[in-house]
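Participant: Take 4 as the starting number for the sequence shown in my numbering and just add one per residue. Below you will find the structure I want to go over with you.
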Amino acid sequence: MALWLVRAGRHGEHEKKFLEENRIYLTWGGLSHDLARKQDRGELRALLEQVYPDAPKGRISNNLGQIWAFSRKIELGDWIVLPSKKKPAIHVAKVKGNYIFDPGGEDPFFHYREIEWIAQDVPRTNFAQDLLYSFGAIRTICQVSRNDAETRVHKMAENEWKSPGAALGIPKEEEEEEGESTENSEGLVDLVQVARDQLAKFIIAKFKGHGLARLVDAVLRARGYTTYLSPEGPDKGIDILAAPEPMGFGEPRVCVQVKSGDSPLDRPTLDQLIGVMQNVQASQGLLVSWGGFKSSVDKEEATQFFRVRLWDQGDLIDQVLAHYDTLDEEIRSGLPLKQIWVVAEAAE
Numbered sequence: 004m005a006l007w008l009v010r011a012g013r014h015g016e017h018e019k020k021f022l023e024e025n026r027i028y029l030t031w032g033g034l035s036h037d038l039a040r041k042q043d044r045g046e047l048r049a050l051l052e053q054v055y056p057d058a059p060k061g062r063i064s065n066n067l068g069q070i071w072a073f074s075r076k077i078e079l080g081d082w083i084v085l086p087s088k089k090k091p092a093i094h095v096a097k098v099k100g101n102y103i104f105d106p107g108g109e110d111p112f113f114h115y116r117e118i119e120w121i122a123q124d125v126p127r128t129n130f131a132q133d134l135l136y137s138f139g140a141i142r143t144i145c146q147v148s149r150n151d152a153e154t155r156v157h158k159m160a161e162n163e164w165k166s167p168g169a170a171l172g173i174p175k176e177e178e179e180e181e182g183e184s185t186e187n188s189e190g191l192v193d194l195v196q197v198a199r200d201q202l203a204k205f206i207i208a209k210f211k212g213h214g215l216a217r218l219v220d221a222v223l224r225a226r227g228y229t230t231y232l233s234p235e236g237p238d239k240g241i242d243i244l245a246a247p248e249p250m251g252f253g254e255p256r257v258c259v260q261v262k263s264g265d266s267p268l269d270r271p272t273l274d275q276l277i278g279v280m281q282n283v284q285a286s287q288g289l290l291v292s293w294g295g296f297k298s299s300v301d302k303e304e305a306t307q308f309f310r311v312r313l314w315d316q317g318d319l320i321d322q323v324l325a326h327y328d329t330l331d332e333e334i335r336s337g338l339p340l341k342q343i344w345v346v347a348e349a350a351e
């Protein structure tokens with residue numbers, strides 16, 4: 004059985020639909036034709052040229068391999084990895100149904116396969132860096148085969164989604180055989196995501212436990228807050244208190260709870276923070292969870308919008324990068340970063 008990478012839109016806009024409907028969709032807009040009727044790649048190419056007359060030949064070839072893979076190459080029992088764009092997590096599923104064409108579907112949801120979710124919200128940091136490198140392929144659909152990826156993901160499933168010894172380095176990319184079809188090639192990768200994955204692993208290794216609270220405290224001070232950082236040990240639900248003005252007497256008064264574990268937080272942790280906010284007369288709260296949040300917390304985000312902010316590892320990394328130059332010298336020396344420029348490749 005093969006392992007396939009499938010994406011739920013460039014920005015993850017279809018992720019909720021995939022998760023709730025237990026399906027993966029082929030999300031090429033305007034492609035309202037039964038792909039099972041195309042007997043070979045030549046017929047499929049002719050269809051794509053008809054539907055997308057202004058598309059360059061290279062894009063048609065790229066799309067051809069991905070669409071052919073979805074309709075013909077993915078098999079029952081194959082595993083799917085779907086990297087989330089909404090949180091620092093990866094979802095894993097097993098293919099349960101053959102290709103289906105739904106002519107009455109809403110554009111672009113004409114083509115789908117039934118799946119069974121094996122695991123949702125597996126933290127990205129659980130995966131070794133070389134696997135994350137493969138999962139960072141820019142293509143929407145491709146087979147992941149490098150470095151025995153399928154076997155290793157199966158073993159992770161047997162080991163409660165833990166991965167032994169994830170290295171920080173990126174392995175040298177293997178040479179592709181001449182004529183290799185695009186659906187079996189990971190090709191170009193999202194270098195920004197690869198860099199963020201490396202940074203995430205470095206941060207959690209360097210700032211585990213109370214160290215992550217120190218990093219959040221440094222970010223808040225870089226943003227102009229005066230803070231109180233609880234000493235290491237039992238904190239009674241208060242990791243950081245923060246407020247503007249030199250003595251911290253301004254508004255908003257923020258109570259911060261920081262969790263460095265790799266498992267998503269559930270609703271009770273949010274409720275605890277809200278209770279502690281009342282105890283210390285804080286007007287707002289910040290809940291930082293390196294492992295992200297379960298859906299029970301996500302559902303409260305709108306309800307608590309004017310009281311609580313939720314940061315997962317992606318949000319914290321955004322804050323670190325945005326305020327890196329004004330972080331304490333001690334923090335920056337423990338987290339040495341440099342900015343580089345790369346050519347932006349357009350995602351298909």
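A virtual CB, placed ideally from N, CA and C, is assigned to each residue, including glycine.
1) Do LYS88 and HIS36 have their beta-carbon atoms positioned less than 8 Å apart in this structure?
2) Comparing C-alpha positions only, which one of PHE113, THR329, ASP43 and LEU85 sits nearest to LEU134?
3) Please report the distance separating the alpha-carbon of VAL323 from that of ILE334.
4) Considering only C-alpha positions, which residue in the set GLY236, PRO255 and PRO237 is nearest to LEU244?
5) According to DSSP, is PRO271 helix, strand or coil?
6) Quick one: give me the first and last residue of the alpha helix (DSSP H) that VAL345 is part of.
7) Excluding the five sequence neighbours on either side, which residues of its own chain have a C-beta within less than 7 Å of the C-beta of LYS41, listed in chain order?
8) Just confirm the distance between the C-beta atoms of ALA216 and THR128, as a whole number of angstroms; I'd bet it's less than 8 Å.
9) Out of LYS211, VAL98, VAL345 and GLY100, state which residue places its alpha-carbon closest to the alpha-carbon of GLY264.
10) How many Å lie between LEU232 and SER286 at the Cα?
11) Since TYR115 and ARG26 are thought to touch, with beta carbons under 8 Å apart, how far apart are those beta carbons, to the nearest angstrom?
12) DSSP state of GLN287, grouped into three classes?
13) If we count Cβ pairs, one from each stretch, closer than 8 Å, do we get three or more for the segment 266 to 273 versus the segment 245 to 252?
14) Just to confirm, are VAL98 and ILE77 a CB contact at a threshold of 8 Å?
15) In terms of residues, what are the limits of the beta strand (DSSP E) holding TYR115?
16) I'd like to confirm the pairing. Which residues does DSSP put opposite VAL192 in its beta bridges?
17) Rounded to the nearest angstrom, what separates TYR228 and PHE308 at their Cα positions?
18) Measuring straight from C-alpha to C-alpha, what distance separates GLY108 and GLN275?
Facilitator: In brief:
1) no
2) LEU85
3) 10 Å
4) PRO255
5) helix
6) That residue, VAL345, is in no alpha helix (DSSP H); it is neither H nor E in DSSP.
7) LEU47 and LEU50
8) With 8 Å as the limit, ALA216 and THR128 do not qualify as a contact, their Cβ atoms being about 18 Å apart.
9) LYS211
10) 18 Å
11) 5 Å
12) strand
13) no
14) yes
15) 114 to 126
16) ALA140
17) 20 Å
18) 43 Å
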